[in-house]
Structures are given as structure tokens and as C-alpha cells.
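As you go down the protein sequences, you meet chains E and V in turn.
Counting from 2, one number per residue, gives the positions in the first sequence under this note's numbering.
Counting from 8, one number per residue, gives the positions in the second sequence under this note's numbering.
The beta-carbon is built from N, C-alpha and C at its ideal position, and this holds for glycine as well.
All of these numbers come straight from a predicted model, not from anything done at the bench.
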Amino acid sequence: MIKITNLNFSYGKQKILDLVNLSFEAAQIVSLVGPNGSGKSTLLKCLCRILKTTDKTIFMEGKALEHYSRREMAQLIAYVPQQPTLNLAVSVIDAVKIGRSPYIGYTLSKNDENIVFEVIEQLGLTEHAFRSLRELSGGERQRVLLARVIAQQARILLLDEPTSALDLKNQLETASLLRVIQKQQQLTVIVAIHDLNLAARFSDSVVQLKQGKVYAHGSWDKTMTEQSILEIYGVQTFLGKVQGIPYVVSLNAVPDTVPPPSGIDDEDLPKRGDSK
Amino acid sequence: MNELRTTYRTLVRKQLSKIGMTFLLLLLLIAVAGSLGVKNVSILQVFYIIIDYLASDEIFAKVSTIDRRIVLYLRLPRIALGVVGGAALAIAGVVMQGIMRNPLVSPFTIGISPAAGFGAAIAVLLGLDLVTGGSYWVVLCAFSSALICATMVLTISVFRGAQSTTLILAGIALTYFFAALTNTTQFIATEEQLTVIVHWTFGTLNESKWEEVVIILIMLAGTLPILFRYAWCYNALNQGEEIAVSLGYGIKTIRIATIVIAVLLTASVVSFTGVIGFVGLAAPHMARFIIGNDHRYLIPFAGIIGALLLVAADTIGRTLFSPVIIPVGIVVAYIGVPMFVHLIISKKQDYFS
């Protein structure tokens, strides 16, 4: 389905992605994990050509990415950015409607309209359909973003941190919604995600990134070990299972008080009222 | 789903009827404006004259020849120029704001009008306005100067990826630059030339000609289809640049094309009328306030609002202290600014974030 060979990407001299080789099967949810700056977002942006890469490094369904026209690509791949700069003075239906962009001329056909209405109902946004995004909560806005990419009817979804701004309940709801739709429509979903516990719950496989390189790619049980997490994040963790659900707990202590910087005695610090 | 469909249909109908009603209002205003003036002609007679003219006959014999001349050669060209000029300025403003998602951006904040003013001043300084066909020389100079300014802004924005802050900053710098150039020409101009230059910057619809209306109409006819085609892209850009790209829009090309079109429209209007900048900023905001952010409705609606604003302002300027005509550029600011300020204070939401 998706094949990435020797993908490099840099901003100026800063190398972000370094010889990434990956391949993803169709109809699976893949989680991209790794610390900030490990290249998760950049990888997603390369996959939908928001960032241009060198030719013949990314193949979708056997065809090099640069051989797709803009429209064809938008019909194949949909993308939800991490912190979209949404204009909130837009109604839900208008925000979902633009998902039909890759298929329409100037007017929405009846079929296009039906797709938009169906998606809005499926995601439980019916009562908000004509409100502006400003009136919605963060969780509802996230669902509008999802509704837009589902209306786009692409077979590949790229989601950048779809849950990081949500509360616990909304996180789980978004994740399960994603899972249901993915199964229903046999979508290939690639999610960049920080929350390892959530990633464990809904992904078929995990890609671990470290400083722009692929550290490991495989099932949760094979890739996520205390050792690999220590090497990627530099954090001591404990991995366990509750009722068959895997979880990760970090063991690094968070101190109650901030220790003074080493090498400086208290007496060296300037005191209030000190004058030199 | 049926419920959603019905509500949606009602909403679309509501939007279309807003556009329709405003258009009717504009037609009414045109008729009223045609009848008002130093010599009042009744609205009915204005219609008779237009029908007669279109039929190239004198079906309604009761209308006097003087009235015919006044309406056909003095009032209607002026009103028509107000309509197409106001529409062009407002549409240029609305698409510029659309691609930049910034309420400050308009063809005027990027220095087009002071540049046109400088071009006109140079023409006057060289005495081109006194030779045969002089007024066209002034227009040509104003237009070329505006294009030079636009090229400078575009070059800057191409280098910097057409960011709104860059455009505004470049525009402010160029505004000062061209103002300084104009001031220099005024400094060395003779008394008579100075009067002409200053009058040009007022912005008026005086001495409007049908040829000017036709030229702007051609510009509109050539560019509007492109802008309408981009309407969905402007809507997508509303949701952020990355989303627009992921939906298959080549936004770099669309941005540059939009700026070029907006600049051409503005430059052609301003070259004929002088500086009437405020329409390009105020009309798009008023239109957004009434009809919302969907550019498929917003672009034509802003055009109608722009036409309304300009024709209304000109009619007031013509009749208030008749027979003295106050330049429309001045009146439009007096009417537009209070409306605009009211809008800023009272509007419930921000349309750009």
C-alpha cells in the first residue's frame, strides 16, 4: 500500500528525517511514536506532499507520489494537521463541505451533499451542523476535522496528534470512532501520537522514531519494551497489562521541590537587598 | 438526514435571497440616482430614456431632448462607473482578504493608489493632460505606475512565499515611497499643475465616459470566472494552509494569481477615478458581516455592496450641496467610516480567526 524508501528531509542544515525505510499494509492503523522533534509530523507532511521530498522515495499503491496529480492525491490521501489554524467563523457544515473539494466543480452535487449529511450524522454532529466552530468544544471541533477527512473519502488518513488536546473521555471516544470508521471503510490510517497508552489501545502496529530514524516497526508487544522506551525517550518505565489492556507508567521521579543547580552553594546566590 | 437537507436548503435559499434583495436595492438606487441632480428627472422618465436608447427610437415622445442628454451622457455613465468601479474594488478587496486571511489586506494597503496618484502627477507635470486625448495619457501613466508598484510588491511576496505580514509591511513601505515621489512632483509643480494633481487624488466620478465603464467591465468579465473558480480554494484556505494543500489546491499559484487579478482590477478603477480606497476595505467587511464566509456567495455579494456604497456616496455628494459636487472619494469615507466603526464595535465575531 505505502512504501517509503530512503526518505531524507531537512530544514536547512537540520536533518529531520534520515534514511527512513518503511512499508505499511492496507487497512491498518499505524501509530507513529517518538519524542518531540523525532520527525513524526514531518513524515506525515511528506506523505501528503505538503513538504516536497526527492523523487521516487514514496510510493502509494505502487505509484510514485509525485506522479499523482493534486486532485488524485487528495482523493487518495486525507490529512488532519496537529494545530490547524481554523477560521472559527465557519459553520460545521461548511467546514465538512470542503472535504468534497477533490471531486467537485463550482456546485455541490446532490450526491456530494448526501455524503456530507451522512458523515455529519455518523459523527453525531447533527445538532451542531449549522453552528459556527466557535460555539463548539475542543472535542467537537476535533470531530468536525475528522468528519471533513471522512467526507473526503480518501483511502489513506494521516492524522497528526488527533487526541492531544482532548480530555480523557474525548480521547477514548475519538479513538474508538476512528477505529470503527477504519474497520467499516477499510482505511489505512497513520497517526502521530504522544500518548503511548492510547496508541496501545487502537493501533495494529507501531513505528518508533528516534532523531529522524526508524528505531523499530512492528506490533505493540514486539516493539514496545521498557528497553526501547528508555532508549528512545530516555525515560524509565514499567509496562504491564490490566484486563488484557497494555499500559505504560513512567518511573522517573518528579521531585517535590526544585533542587538548586549543582555546583552553586546557596551562599553564592545573590540575596534580596544585596548591593555590590 | 432529511432534516439536515431541509435546513441546508433553507439556508442556501436565504443566502441567495440576500444577494437578490441587495441586487434589487442596487437597481432601485441606480434609478433614483439617475433621477436626482441639478435638474430632476422622474424615475419613470429615466426608465423611458433607457428603453428608448436601447430601442434606438423615441417611443416615449414626452421626454425632452435635454433630459435625454442629461441622463444618457451625464448621469448614467457616472452611475455605471460607480457600479462597476465599486464592484471591482470590493471584489479585489474580498479575494485579497480571502487568500491572506487578514482583515488588513486590501489592494490599497499594498500601495496601489499612491502609486497611481504618482503616475497621474507625473503626467500632469509633463503637461500630458493638456495635449489631445490628454485624460487618457493621465490614465495610462497612473495605470503603469500602479503596475510598477504591484510588480514590486509581488516580487517581494514571491520571495517570501506571499505571507500577509510581508505584504502589509512591503505595502506600507511602498505607500511612503510613492507618497514621497508624489510630494516631490507637487513641490516642483506650477500652481495650475498643483491644483490638477491635488484634484486627481480626491477621487471623483466626474467626467465619466462610457468607454471607461466598458474597459472596467471587460476587466471584470475576464477575471471574475477565475475568482469564482477559486472560491472553493478560498473556503479551504479559511481552514488553514495545510488543509487547503491536502485538499488538492496549488495554493502558491492561486495566491499569486489572485493578487495579480486584484491589483489589475484596482489599478484600472483607480486610474480612471482617482483614489477611492475605502470601498475596497469596507465593502468586503460589510459583506462578510451579512452573508458569512462562503466565498461562492461572498464574492458576488461584496461586488453588489461595493457598487451600492459607491453609487450612494456619489449621489449624496452630487445632491447635498448641489450644484457643487463633492468628490466621491471624500463622501465615501464620511459615510463608510461611521458604518465601518459601528461594524467593528458591534460585530459579534471575528471573521478571520
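Min CB distance residue i to chain E below 8 Å
i         : result
Phe235(V) : yes
Ser253(V) : yes
Pro246(V) : A quick correction: the sequence has Gln, not Pro, at residue 246(V). Chain E contact via Cβ: present.
Arg108(V) : yes
Leu350(V) : no
Asp301(V) : yes
Contact set for residue i: own chain, Cβ-Cβ below 6 Å, skip 5 residues either direction
i         : result
Val277(V) : Ser120 and Ala123
Leu124(E) : Arg144 and Ala148
Asp321(V) : Gly89, Leu212 and Val335
Phe347(V) : Ala289
Arg75(V)  : Ile56
Proximity below 8 Å, CB of residue i to CB of residue j
i         : j         : result
His129(E) : Glu141(E) : yes
Gly126(V) : Leu181(V) : no
Val220(V) : Ala97(V)  : no
Val192(E) : Leu77(E)  : no
Val203(V) : Ile283(V) : no
Ala130(V) : Trp144(V) : yes
Ile106(V) : Arg262(V) : yes
Tyr80(E)  : Leu134(E) : no
Leu135(V) : Cys148(V) : yes
Asn300(V) : Asn88(E)  : yes
Ala269(V) : Val102(V) : yes
Ile175(V) : Thr265(V) : no
Ala176(E) : Gly139(E) : no
Residue i - DSSP class collapsed to helix/strand/coil
i         : result
Thr211(V) : coil
Lys25(V)  : helix
Pro247(E) : strand
Met61(E)  : strand
Ala155(E) : coil
Val215(E) : strand
Leu52(E)  : coil
Tyr69(E)  : coil
Lys277(E) : Since pLDDT at Lys277(E) reaches only 45, below the 50 mark, its modelled position is unreliable, and the value read off the structure follows with that caveat. In the structure shown, Lys277(E) sits in coil (DSSP, three-state: anything other than H, G, I, E or B).
Ala79(E)  : strand
Val21(E)  : strand
Thr6(E)   : strand
Asp59(V)  : helix
Thr258(V) : Looking at the sequence itself, residue 258(V) is Ile, so the reference to Thr does not match. Helix.
Thr189(E) : strand
Lys98(E)  : helix
Beta carbon proximity, residue i to chain V, threshold 8 Å
i         : result
Glu119(E) : yes
Glu174(E) : no
Ser24(E)  : no
Leu252(E) : no
Glu141(E) : no
Cys47(E)  : no
Lys277(E) : Unreliable placement is indicated for Lys277(E), whose pLDDT of 45 sits below 50; the coordinate value is still reported in the next sentence. No, no contact with chain V.
Val97(E)  : no
Leu77(E)  : no
Pro85(E)  : yes
Met61(E)  : no
Asn88(E)  : yes
Cut-off 7 Å between Cβ atoms - residues of its own chain near residue i, not counting five sequence neighbours on either side
i         : result
Val120(E) : Val97, Ala148, Ile151 and Ala152
Val7(V)   : Any property of residue 7(V) remains undetermined from this structure, which presents chain V solely from 8 to 360.
Glu62(E)  : Met2
Phe10(E)  : Ile17, Leu18, Thr43, Cys47, Leu52 and Thr54
Beta-carbon neighbours of residue i, restricted to chain E and to distances below 8 Å
i        : result
Thr14(V) : Ala130 and Phe131
Met8(V)  : Asn115, Phe118, Glu119 and Glu122
Sequence-distant residues of the same chain with beta carbon closer than 8 Å to residue i, five excluded per side
i         : result
His218(E) : Leu23, Ser206, Val207, Val208, Gln209 and Thr224
Ala38(V)  : Ile50, Val53 and Phe54
Thr127(E) : Ile121
Leu201(V) : Gln193
Chain-ordered chain E contacts of residue i [CB-CB under 9 Å]
i         : result
Gly257(V) : Arg71
Leu18(V)  : Ser92, Ile94 and Phe131
Within chain V, partners of residue i - CB distance below 8 Å
i         : result
Ser110(E) : Going along chain V, no residue has its Cβ under 8 Å from Ser110(E), so there is no contact; the nearest lies around 13 Å.
Ala200(E) : Simply none; closest approach about 23 Å.
Ile51(E)  : Glu249, Val252 and Ser253
Per-residue contacts from residue i into chain V (C-beta, under 9 Å)
i         : result
Ser102(E) : Trp239, Cys240, Asn242, Ala243, Ala251, Leu254, Gly255 and Tyr256
Tyr107(E) : Phe235, Arg236, Ala238, Trp239 and Arg303
Contact list for residue i against chain V, beta-carbon separation under 7 Å
i         : result
Thr127(E) : Leu11
Pro82(E)  : Gly247, Glu249 and Ile250
Met74(E)  : Gly255
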